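Engineer: Just passing along the structure, written as structure tokens.
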Amino acid sequence: MNPDSGDIVGAAAYLEDVTEDERLYRQAQEWSQKYQVQSAMQKTLLNSLPLSVMAVDSQGRITVINESGNVFFQMGEGRADRHGCE
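Per the working numbering, residue 33 is the first one in the sequence shown, and the count goes up by one each step.
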């Protein structure tokens, strides 16, 4: 803008195509939903088994344990969830 006359003497514009970003965002949301459904199904299946099931990592930490395992190892129902196990 010209300070003397107030006339516009130039302009700038910035445009960005976000089509690919939107596609990737929607795909990530879809994968996240699928993961959550699969995770819930796995947890339901493991907890429905009458056997103790657990997984440990390379340091010997329990990473997954089902409810039968909680009872067998006297951790109490739901306790593994509070300790970061699935």
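Virtual Cβ for every residue (Gly too), placed ideally from N, Cα, C.
A quick note: this is a predicted structure, and the numbers were derived from the prediction, not measured.
What's the C-alpha gap between Glu48 and Leu83?
Structural biologist: 56 Å
Engineer: For the putative contact between Val85 and Asn98, defined by C-beta atoms under 8 Å, what is the C-beta separation to the nearest angstrom?
Structural biologist: 5 Å
Engineer: Exposed or buried, what is Gly101 when buried is set at 16 or more other beta-carbons lying within 10 Å of its beta-carbon?
Structural biologist: buried
Engineer: So is Val41 buried or exposed if we call it buried at 16+ other beta carbons inside 10 Å?
Structural biologist: Val41 is exposed by the Cβ-count criterion.
Engineer: By DSSP, does Ala72 sit in helix, in strand, or in coil?
Structural biologist: helix
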